[in-house]
Structures are given as structure tokens and as C-alpha cells.
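Numbering (the working numbering), first residue to last: -11 to 247. Think of the CB as a built atom: it goes at the ideal place given N, C-alpha and C, for glycine as much as any other residue. If you're wondering where the values come from, they're calculated on a predicted model, not measured in any experiment.
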Amino acid sequence: MNTLSEQEILFFKEEGYLVKRNVLDPRLMAYARERLWEAAPSQLKRDQLETWIGPFEEKCEDKMSSRSGYRWNYRQPGGEPWMIELLPKNPSVWHMAEQLLGKGTLREPDRVRGIYCTLPYGDVPKKSSGCHVDGHPFHLGVVGYIDDVPPEGGGFMVWPKSHLKFYYDFHSQYRTEPTDQYEKDRAFFSQKTGVDCYGCAGDIVFWHHRIGHAAGHNYSCQIRQAVLYDFRKKDIEQTMEESPCLNMWRDWMGVGNGT
-11 MNTLSEQEIL
-1 FFKEEGYLVK
9 RNVLDPRLMA
19 YARERLWEAA
29 PSQLKRDQLE
39 TWIGPFEEKC
49 EDKMSSRSGY
59 RWNYRQPGGE
69 PWMIELLPKN
79 PSVWHMAEQL
89 LGKGTLREPD
99 RVRGIYCTLP
109 YGDVPKKSSG
119 CHVDGHPFHL
129 GVVGYIDDVP
139 PEGGGFMVWP
149 KSHLKFYYDF
159 HSQYRTEPTD
169 QYEKDRAFFS
179 QKTGVDCYGC
189 AGDIVFWHHR
199 IGHAAGHNYS
209 CQIRQAVLYD
219 FRKKDIEQTM
229 EESPCLNMWR
239 DWMGVGNGT
């Protein structure tokens, strides 16, 4: 079982994210890829890489399988037991999340966000990426790659240490209630180059809920395929509207008290 070392917990505390390699179950990843291709539009041919280049020819507004431009958010299987087993209830993933937030404190998952894809951009000029902070209440995010994601291949991007600023840019700890300072800090960090968390199938990225992040641009020849989940503690209804704490790690039993 994968665990977090004291050095890794300290890195997460200081930088706001952490990459762990070779964590997910190959059998479940293979099944996830099969399900994804079963639901793919006719435009995409699994054995013809040239068809993978976006954008999508037709937009789909079905929230369970929304497609637009280069993005495809396949949410339909997100509540199926195997998907939950793939990411949040993977024994190593769950254990490491409890190391950060506290054993026995996490809500049991009922679904993951889904399989989020970014098509290759093809031969286009490269551009910079800007960051944002998610608005819905949660504590710890995790991204799991179910296929290889090469550098500049649409991987999860983070802006290290931005969580230390963004946490205090909201009126409450976990809700979407930004202060005027949020947009100023977002503009500041977006001028900087984020970290491209590329990796192989089975790698995961843990990230603090207030870190600046983005889905990277995909200049590779592969479809970026990632599964996302948001860990929440059982007491989030009681804590989410509280003002940011002087000690931003108060709710992180393995971080605030352990380092």
C-alpha cells in the first residue's frame, strides 16, 4: 500500500499539491478506457489516431456526457461502484487522504466527477494557461490518470503555493464567496507558469481545494483521460461557512498537527 512520508506531507503543505506514481488498479483503468470508448462519438476511431485531433464536430449538452470544443466530460459512469473503487476507494488513495485529513473523518463517496478528457489540439500555436479556484465545497481533490499523459498533454496544472494566498481570498473556508482580492491574486498567479503534472496511467495528483489550477493545453497526440474526485470531511456542513482560520490547516489533522 502506498503511504505518505513526513517529507511528502510537508511538501503538500508548502506547495499545495503532491504527485504519487503507479497507484491505480490496471484492471479498473482498462475497464474505464473501454467504457469511455464505448461512449465515444463516431468522429473518434480508437485505432485511428488522426481522428483524435479536436475539436469535436458536434456539441453535446447532455450533462452526463458533455462535449464542446476539445473537452469531453463523461460523467455517466461516475456513480457506478467500480468507478468509486478505481479512485477514492482505492485502498492507497483512501489511506493517503486519511493521512492528510484524519482517519475516520471522510465522507463515504457516492460518485466521482467522471472521466474528463481533452482532445489533442493538433498543429496550433501554443498559448499560456491561466489558473482558477474551484467553487464547490470540498477539502482535498485527487486526479487519477487512466492513460499516459505526456508533457504538454493536457495534464493537471497547478500553481504552487497559491493555496497560501487563495485560502484567505474568500469570505468562508469552503464556499464560493470570493473577496475583491481573489481576482487580483488570480491575475498575479496567472502571469506565472504553472507546473504541468504529467504522468503515466495509474499516477495521481492530490491538491488543496484552494490551489490555483487548470486543465493544461493538449499539444500531444493522445487524448488526456483523467478521473476526478473531491474528498469531503463529515463535518463540512458545519465548517464550510466559517471564516478562513488563522491556521489554515485546522481541519487537516495530518498536516496541521503533524508537521
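Straight-line Cα distance separating residue j from residue i
i: G246; j: W240; result: In this predicted model, G246 has a pLDDT of only 41, less than 50, meaning its place in the structure is not dependable; the value taken from the coordinates is given anyway. If you take the alpha carbons of G246 and W240, they lie about 9 Å apart.
i: E230; j: L37; result: 49 Å
i: N10; j: G42; result: 29 Å
i: T164; j: Y156; result: 12 Å
i: A85; j: F44; result: 36 Å
i: V121; j: H83; result: 25 Å
i: S251; j: C48; result: Any property of residue 251 remains undetermined from this structure, which presents the chain solely from -11 to 247.
i: L6; j: W70; result: 24 Å
i: S80; j: I(-3); result: 15 Å
i: K8; j: F144; result: 13 Å
i: R34; j: H127; result: 36 Å
i: T39; j: K153; result: 42 Å
i: E46; j: Q(-5); result: 47 Å
i: E73; j: I192; result: 14 Å
i: Q210; j: C233; result: 42 Å
i: S178; j: P113; result: 19 Å
i: M228; j: P29; result: 39 Å
Beta carbon of residue i nearer than 9 Å to that of residue j
i: K188; j: V137; result: Correcting the residue type first, residue 188 is Cys in the shown sequence and not Lys. Against a cut-off of 9 Å, the Cβ pair of V137 and C188 comes out as a contact.
i: G142; j: T106; result: yes
i: R23; j: K222; result: no
i: P14; j: G132; result: no
i: L75; j: V215; result: yes
i: F0; j: L88; result: yes
i: P108; j: Y207; result: yes
i: K149; j: E3; result: yes
i: F158; j: P166; result: yes
i: Y170; j: P125; result: no
i: W147; j: G200; result: yes
i: E140; j: G204; result: yes
i: I134; j: L(-8); result: no
i: C119; j: R174; result: yes
i: K115; j: P97; result: no
Residue range of the unbroken alpha helix (DSSP H) whose run includes residue i
i: G244; result: M241 to G244
i: W237; result: Here W237 belongs to no alpha helix (DSSP H), and DSSP marks it neither H nor E.
i: W82; result: P79 to L89
i: S178; result: D168 to S178
i: Y162; result: From DSSP, Y162 is part of no alpha helix (DSSP H); its letter is neither H nor E.
i: W25; result: P14 to E26
i: L74; result: P69 to L74
i: T227; result: I224 to T227
Unbroken beta strand (DSSP E) run spanning residue i, endpoints
i: M145; result: F144 to V146
i: Y186; result: Here Y186 belongs to no beta strand (DSSP E), and DSSP marks it neither H nor E.
i: Y62; result: R59 to Y62
i: R55; result: S53 to S56
i: D218; result: R212 to F219
i: K8; result: Y5 to K8
i: E203; result: The residue asked about is misnamed: residue 203 is Ala in this sequence, not Glu. First-last of the beta strand (DSSP E) with A203: H201 to A203.
Worksheet item: Any chance the segment 54 to 64 sits against the segment 96 to 109, with 3 or more Cβ pairs inside 8 Å?
Response: Taking 8 Å as the limit for Cβ pairs, the verdict is that the segment 96 to 109 does touch the segment 54 to 64.
Discussion item. Pairs of beta-carbons, one from the segment 16 to 27 and one from the segment 192 to 204, closer than 8 Å: are there three or more?
Written reply: Cβ pair count under 8 Å is below three, so no.
Worksheet entry | Ordered list of beta strand (DSSP E) runs contained in the segment 105 to 158, each at least 3 residues | Runs found: 128 to 133 and 144 to 146.
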